[in-house]
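Input: a single structure, listed below in structure tokens.
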Amino acid sequence: MKPTASSDWIARSLRSVWHPCTQMQHHEQVPLIAVSHAKGAWLYDHEGRRYLDGISSWWVNLFGHANPRINAALKDQLDKLEHAMLAGFTHEPVVELSEQLAALTGHALGHAFYASDGASAVEIALKMSFHYWRNAGYPDKQEFVCLQGSYHGETVGALGVTDVALFKDAYGPLLRAARTVASPDARNAVEGESAREVALRAARDVEALFAEKAGSIAAIIVEPLVQCATGMAMHDPVYLQRLRELCDRYHVHLIADEIAVGCGRTGTFFACEQAAIWPDFMCLSKGISGGYLPLSLVLTTDQVYDAFYSEDVTRGFLHSHSYTGNALACRAALATLQIFRDDAVIERNRQSATRLMLEMAGLIDHARVKNFRQRGMILAFDAVEPDNARAATFSRRFFTAAVENELLLRPIGRTVYLMPPYVLDDEELAGLAARTRRVFESVIAD
Ligand SMILES: Cc1ncc(COP(=O)(O)O)c(C=O)c1O
């Protein structure tokens, strides 16, 4: 192969960087892409080739790369305060962000605890729930419940409430087992069953478990409306309403992991809004910093907060991360929330989502497409492959063909999904759809 400006970076990366979620040997066939810079929805390599970021760089980027407004906020913040420890100290960005997020929940969730990545937020919610029950005099409430196909991150605690065999099985002996209940995934419908009926059926599974075991259960954790990492499994909002009722009735905490689905992704700022409920804990990360900096947080209620407020230090939540409440990351988040307000993003996304659906609708009746579905700015479908061997390689073949078509898309198994930044204009949305259809046709025909 002829050496290029990228090839040196690629070779050096393969020697020294252990890439995430990757069997490194696959890079013997699938080339790495060395990104030189990015602008808007486009990533550029060192040869000037470009790639439309159809999955928002792992679901984090909301308003494009090198966004002028977020850049300006960060440059301003850099000259004031990059970081200060948050124990014993506070600062403007973390206070303002906490206040704004509390207001977005109508002050139902008025206390924000910070960390850096999504999995840490999940750990915090689990620990807080467990510790709440101990402080409240219910030390037996120690178990967690998760859904079939759930994904909550890769750290040991978060993996314990994750149900994706590929990520979990190797570490089975390390993990504290959670109880798993049926997924409300609308694809589980039996003949004639609606999405709502599937959701109600799945909720009955939770009810049966709670009726028997609530005395030992601290919390149930759910990805509201879309279980993303298992393959964009979508469910009816009634499931969340039922969970809320059951959690209230049986005194179990509801943890909403909105790490992937929050920040406008499903059509409302928080996915829970579509069910008109608030959880006891809400985890946010990914889009909250506009995709700029690692930031995560858990929002919770006065009731939870008050159970930790005491003269006794051990009743406090003694959890910390060095970068908790990082000022730069919080400032990026504030700039992100400002864009939501200035540009009426939720309304604009409604139009973008409709546009995307129209552009992709040609696939709905395609013989090799199943379960075409959409929730806000997530659109997905499952490819039908004639045999297991082809199904097993579908994702890699699709990714490679996509890159050749200036497109960054990484199917999950046979599920092709689009989760673009919110800044695509009509032409870019049409281009994203046209490229996706073209790549799909070539991959199923190869
Ligand atoms: C729903 C959900 N929870 C948690 C996580 C973990 O977040 P992170 O990768 O930042 O640790 C993810 C990541 O994809 C996610 O989708």
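Letter by letter, the sequence shown follows residues 1 to 446 of the UniProt record's numbering.
Glycine is no exception: its CB is placed at the ideal position from the N, C-alpha and C atoms.
At a cut-off of 7 Å, would you count residue i as near ligand 1, judging by its Cβ distance to the nearest heavy atom?
i	result
residue 223	yes
residue 259	yes
residue 321	no
residue 362	no
residue 129	no
residue 117	yes
residue 122	yes
residue 183	no
residue 51	no
residue 327	no
residue 285	yes
residue 41	no
residue 229	yes
Pop quiz: residue i and residue j are said to be a contact at Cβ under 8 Å. What is the actual Cβ separation, rounded to whole angstroms?
i	j	result
residue 447	residue 362	Because residue 447 is not part of the residues shown, which for the chain are 1 to 446, the question remains open.
residue 264	residue 340	7 Å
residue 334	residue 96	6 Å
residue 417	residue 378	6 Å
residue 128	residue 317	6 Å
Where residue i and residue j are concerned, what is the direct C-alpha to C-alpha distance, given to the nearest angstrom?
i	j	result
residue 455	residue 402	Nothing about residue 455 can be read from this structure; the chain reaches only from 1 to 446.
residue 196	residue 188	11 Å
residue 241	residue 25	45 Å
residue 283	residue 223	10 Å
residue 182	residue 81	47 Å
residue 384	residue 428	27 Å
residue 67	residue 312	46 Å
residue 300	residue 169	31 Å
residue 119	residue 19	18 Å
residue 86	residue 151	29 Å
residue 475	residue 307	There is no way to answer for residue 475, as the model of the chain reaches only from 1 to 446.
residue 440	residue 295	34 Å
residue 185	residue 3	47 Å
residue 421	residue 78	25 Å
residue 292	residue 60	8 Å
residue 220	residue 132	14 Å
residue 386	residue 172	32 Å
residue 260	residue 55	11 Å
residue 112	residue 281	10 Å
residue 349	residue 135	43 Å
Which residues does DSSP pair with residue i in a beta bridge?
i	result
residue 283	257 and 298
residue 407	52
residue 37	44
For residue i, which residues from the same chain have a beta carbon less than 8 Å from its beta carbon, with the 5 sequence-adjacent residues on both sides left out?
i	result
residue 411	383, 394, 395, 398, 399 and 417
residue 198	184, 185, 186, 188, 189, 235 and 236
Report whether the distance from the Cβ of residue i to the nearest heavy atom of ligand 2 is below 7 Å.
i	result
residue 151	This structure lacks ligand 2; its bound ligands are ligand 1.
Leaving aside the five residues before and after residue i along the sequence, list all residues of the same chain whose C-beta is less than 6 Å from its C-beta, in chain order.
i	result
residue 325	86, 94 and 114
residue 369	363 and 381
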